[in-house]
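S.K.: The structure is given below, and queries will be raised subsequently.
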Amino acid sequence: MTLVGKEIAVELKNDVVLTGTLHSVDQYLNIKLTTVQVVNQERYPQLTVLKNCFIRGSVVRYVQINPGDVNTELLQDATRKENSPAVGGTVSEAKK
Numbered sequence: 001m002t003l004v005g006k007e008i009a010v011e012l013k014n015d016v017v018l019t020g021t022l023h024s025v026d027q028y029l030n031i032k033l034t035t036v037q038v039v040n041q042e043r044y045p046q047l048t049v050l051k052n053c054f055i056r057g058s059v060v061r062y063v064q065i066n067p068g069d070v071n072t073e074l075l076q077d078a079t080r081k082e083n084s085p086a087v088g089g090t091v092s093e094a095k096k
């Protein structure tokens with residue numbers, strides 16, 4: 001399951017909040033949005049002309065996703081697999 005094509009909100013470290021359709025995201029949390037809208041248009045009127053945008057991951061404070069778009073079972077399974085110890089591995093004690 002992917003979140004590409006879903007509506008998200010991105011809050012930036014400079015307090016700008018953008019909503020739009022997720023086009024892509026990479027390992028650095030760089031985000032591409034389409035159909036962009038600025039939440040507080042009165043405060044940031046220069047951003048009202050945005051249709052598409054690229055957001056550098058280092059300026060992102062929060063990403064808000066609709067809970068209905070997230071498969072929580074898949075997320076929990078992936079978390080369990082990531083945190084489980086290696087199967088069949090042994091730990092040897094250091095000699096004193």
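For the sequence shown, position 1 (counting from the first letter as 1) is numbered 1 according to UniProt numbering, and the numbering increases by one without interruption.
We treat Cβ as the ideally placed atom computed from N, Cα and C, and that holds for glycine.
1. Excluding sequence positions up to five away, which residues of its chain have a Cβ less than 6 Å from the Cβ of residue 41?
2. Between the C-alpha atoms of residue 39 and residue 82, what's the straight-line distance to the nearest angstrom?
3. Please return the same chain residues whose Cβ sits closer than 6 Å to the Cβ of residue 4, not counting the five positions on each side in sequence.
4. Only counting the same chain, and skipping five residues up and downstream in sequence, which positions put a Cβ closer than 7 Å to that of residue 69?
5. Would you give the residue range spanned by the beta strand (DSSP E) that residue 52 belongs to?
M.R.: According to the structure shown:
1. In the sequence shown, the residue the question calls residue 41 occupies position 41. Around residue 41: 48.
2. As a working mapping, residue 39 is identified with position 39 in the sequence shown. As a working mapping, residue 82 is identified with position 82 in the sequence shown. Going from the Cα of residue 39 to the Cα of residue 82 covers about 36 Å.
3. Taking the sequence shown and counting its residues from 1, the one referred to as residue 4 is at position 4. Taken in chain order, the residues that qualify are 22.
4. Your numbering for residue 69 matches position 69 in the sequence shown. So the list reads 3 and 6, once near-sequence residues are dropped.
5. Against the sequence shown, residue 52 aligns to sequence position 52. 52 to 55 is the extent of the beta strand (DSSP E) around residue 52.
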